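Note that the protein sequences, when read in sequence, are chains A and B. First residue of the first sequence: 50, per our numbering; consecutive thereafter. First residue of the second sequence: 10, per our numbering; consecutive thereafter. Backbone N, C-alpha and C fix where the C-beta goes; we use that ideal spot for every residue, glycine too. Being a predicted model, the structure only gives us computed values, none of them experimental. The structure appears below as structure tokens.
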Amino acid sequence: DGGITQSPKYLFRKEGQNVTLSCEQNLNHDAMYWYRQDPGQGLRLIYYSQIVNDFQKGDIAEGYSVSREKKESFPLTVTSAQKNPTAFYLCASSFITGTPTGELFFGEGSRLTVL
Amino acid sequence: AQKVTQAQTEISVVEKEDVTLDCVYETRDTTYYLFWYKQPPSGELVFLIRRNSFDEQNEISGRYSWNFQKSTSSFNFTITASQVVDSAVYFCALSEGGGGNKLTFGTGTQLKVEL
């Protein structure tokens, strides 16, 4: 089935450790996105990429890093510099057209807990 | 800067009641796009509707309807004859004309439909 796969679904990390969240899509979408969801704060954009080997910071990029070596993959690393990393992380993808379509396709998310 | 406000944090209704979810937005652009997404307990967001700023026609899709009013900067979502399966978090989002598919989300409204 076509879709977006995020792994792991649940992840626990000790303070000071980096952790990488995986996001893979087989929808042949050009663009991929990482959002962070916190209770009462909605979704906030961390990073996005519209083409392989290129990505841009979103609203809350500090403490995070990404790569886009393949069209299908957009992993997110939560570094030890991220002050409050416990959150629900959502990956999304979309086509790029002349005008924004807004139809982002989302994965089921990864819940990161820092102990 | 663009902003989306969903003032209703949580709404509880009894099945078959109608319910309206409010969304108020702020933007300086004349061209923009508004969206509604549904987040069921499984976590992934599901696209429901997109509206561009030049199209103020209301839309109905089955039990769902949307009321877009530029004069009040609102894009409200009504579910008629609610069902338990409608229980979810609903997000309103905004994308400005030159913003590609980068969406600014509201904080979401948790809808609980009970028997």
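Chain-ordered chain A contacts of residue i [CB-CB under 7 Å]
| i | result |
| --- | --- |
| B:Phe77 | Here the premise fails: no neighbours, minimum Cβ distance about 14 Å. |
| B:Gly117 | Gly91 |
| B:Asn85 | The contacting residues do not exist; B:Asn85 stays about 17 Å from chain A at best. |
Reference residue i; option with closest CA among the options
| i | options | result |
| --- | --- | --- |
| A:Thr126 | A:Ile95, A:Lys120, A:Phe144, A:Gln99 | A:Ile95 |
| A:Ala130 | A:Leu164, A:Pro57, A:Gly65 | A:Gly65 |
| A:Met81 | A:Phe137, A:Leu153, A:Asn67 | A:Leu153 |
| A:Tyr84 | B:Asp38, B:Gly52, B:Asn61 | B:Gly52 |
| B:Lys47 | B:Asn61, B:Ile88, B:Asn110 | B:Ile88 |
| A:Ser122 | A:Phe137, A:Lys106, A:Ser143 | A:Ser143 |
| B:Thr36 | B:Phe86, B:Lys79, B:Gln17, B:Tyr99 | B:Lys79 |
| B:Leu124 | B:Glu26, B:Lys111, B:Gly71 | B:Glu26 |
| A:Asp87 | A:Phe137, A:Glu73, A:Ile53 | A:Phe137 |
| A:Lys106 | B:Phe63, B:Thr18, B:Lys111 | B:Lys111 |
Short Cβ contact (8 Å threshold) for residue i with residue j
| i | j | result |
| --- | --- | --- |
| B:Gln15 | B:Thr81 | no |
| A:Thr135 | A:Tyr113 | no |
| A:Lys63 | A:Leu161 | no |
| A:Ser71 | A:Gln55 | yes |
| B:Leu57 | B:Tyr73 | yes |
| B:Glu68 | B:Trp75 | yes |
Close beta carbons around residue i, own chain, < 8 Å, minus the five adjacent residues each side
| i | result |
| --- | --- |
| B:Arg59 | Tyr42, Leu43, Phe44 |
| B:Ile20 | Val28, Leu30, Thr118, Gln119, Leu120, Lys121 |
| A:Ala58 | Before going on, a small fix: residue 58 of chain A reads as Lys here, not Ala. Taken in chain order, the residues that qualify are Glu157, Gly158, Ser159, Arg160. |
| A:Ser110 | According to the sequence as given, residue 110 of chain A is Ala; it is not Ser. If we look at A:Ala110 and ignore the five residues flanking it on each side, its Cβ neighbours are Ile95, Tyr96. |
| A:Lys132 | Gly112 |
| A:Leu60 | Val68, Leu70, Ser159, Arg160, Leu161, Thr162 |
| A:Lys119 | Val101 |
Own chain, CB closer than 7 Å to residue i, minus 5 neighbours either side, in chain order
| i | result |
| --- | --- |
| B:Val122 | Val22, Glu24, Ser91, Gln92, Val93, Asp95, Ser96 |
| B:Val13 | Cys32, Tyr34, Cys101, Ala102, Leu103, Thr113, Phe114, Gly115 |
| A:Phe104 | Tyr96, Tyr97, Ser98, Val115, Arg117 |
| A:Ile145 | Asp79, Ala80, Gln99 |
| B:Asn61 | Tyr42 |
| B:Glu105 | Gln11, Thr36, Asp38, Tyr41 |
Interface residues of chain B facing residue i [CB-CB closer than 9 Å]
| i | result |
| --- | --- |
| A:Gly156 | Gly52, Glu53 |
| A:Glu152 | Phe44, Phe56, Arg59, Asn110 |
Contact set for residue i: own chain, Cβ-Cβ below 6 Å, skip 5 residues either direction
| i | result |
| --- | --- |
| A:Asn75 | Gly51 |
| A:Thr69 | Pro124, Thr126 |
| A:Asp108 | Arg93, Leu94 |
| B:Ser83 | Val33 |
| B:Glu77 | The question names Glu, but residue 77 of chain B is Phe in the sequence shown. Closer than 6 Å at Cβ, skipping near neighbours: Arg60, Glu65, Phe84. |
| B:Pro49 | Ala97 |
| B:Phe86 | Leu30, Trp45, Trp75 |
| A:Glu73 | Thr54, Glu121, Ser122 |
| B:Thr18 | none |
| A:Phe155 | Leu139, Ala141 |
Neighbouring residues, chain B, relative to residue i (Cβ below 7 Å)
| i | result |
| --- | --- |
| A:Ala80 | Asn110 |
| A:Tyr96 | Here the premise fails: no neighbours, minimum Cβ distance about 11 Å. |
Cross-chain neighbours of residue i in chain A, by beta carbon under 9 Å
| i | result |
| --- | --- |
| B:Val63 | Reading off the sequence shown, one finds Phe at residue 63 of chain B, where the question assumed Val. Neighbours of B:Phe63 on chain A: none; closest Cβ ~11 Å, over 9 Å. |
Contact set between residue i and chain B, taken where Cβ atoms lie within less than 8 Å
| i | result |
| --- | --- |
| A:Tyr59 | Simply none; closest approach about 11 Å. |
May I ask you to list, following chain order, the residues of the stretch 120-145 of chain A that have a beta carbon less than 9 Å from some beta carbon of chain C?
The question asks about chain C, but that chain is absent: this structure's protein chains are A and B.
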